[in-house]
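In my numbering, the protein residues as written are 2 to 194.
Given below as structure tokens:
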């Protein structure tokens, strides 16, 4: 099995990239967000990959993070969710945001993804919630996808999942504060530790 690919970005398509590895061009299907982050032709690119066989044809799917690959692999076990829908989910939200939506049972957030209706969102939650619970545990105070902007901002600054949850839990008046104030309070609580 091909677990990852590292090589030169040779070309970019609508929903794929071609990576040159030792003189071989490998087509890797990716989410649109991955294409945006991939860079330009000639750049080095490393993707975590999953190889699926569809109608006797091998198809390679790539992800910039191991978490994205793991979530994609888990989604393949859900009835009615295929590779394209999984990529659409990873395009609409980060792997952490998607996992938190699943763990917290946020059907509205999941069904907001193009192609996912309420029934499919419910099936995803039922099938994957317990599998993701350990790694992406939702905070008992309701912190999670409802505060996705704050969580995303802290993660973009390089804080771990555990640090983010602890920092968000320390924000006073989380529901009514503007994002800037929430971020200021969260960063202050991280600095104090």
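Using N, Cα and C, we set each Cβ at its ideal position, and we do this for glycine too.
Everything numeric in this text was worked out from a predicted model, so none of it was measured.
query                                                                                                                                                            : result
Using 8 Å for Cβ pairs, my map puts residue 65 next to residue 35. What's the rounded Cβ distance?                                                               : 6 Å
Within its chain, find whatever has a CB closer than 8 Å to the CB of residue 139; leave out the 5 residues flanking it on each side and keep chain order.       : Bear in mind that the predicted position of residue 139 carries a pLDDT of just 45, short of 50, making it unreliable; the figure below should be weighed with that in mind. Contacts found: 101, 104, 105 and 145.
Counting only the same chain and skipping the five closest in sequence on each side, list residues whose C-beta sits under 8 Å from that of residue 123.         : 108
What is the DSSP secondary structure of residue 166, counted as helix, strand or coil?                                                                           : helix
Considering only C-alpha positions, which residue in the set 90, 44 and 164 is nearest to residue 110?                                                           : 90
Ignore the nearest five residues each way along the sequence and tell me which others in residue 51's own chain have a CB closer than 7 Å to its CB.             : 62, 70, 73 and 74
Starting from residue 22, trace the alpha helix (DSSP H) both ways and give me its first and last residue.                                                       : No alpha helix (DSSP H) holds residue 22; the beta strand (DSSP E) holding it covers 17 to 22.
Sorted by chain position, which residues of the same chain lie with C-beta nearer than 6 Å to residue 115's C-beta, five sequence neighbours on each side aside? : 89
Provide the residue span of the alpha helix (DSSP H) that contains residue 103, from first to last.                                                              : 96 to 104
Tell me which residues share the same chain as residue 1 and place their Cβ nearer than 8 Å to its Cβ, disregarding the 5 neighbours each side in the sequence.  : Limits of the chain in this structure are 2 at one end and 194 at the other, which puts residue 1 out of reach.
So which of 15, 43 and 17 has the shortest CA-CA distance to residue 8?                                                                                          : 43
Quick one: is residue 181 buried, meaning 16 or more other Cβ sit within 10 Å of its Cβ, or exposed?                                                             : exposed
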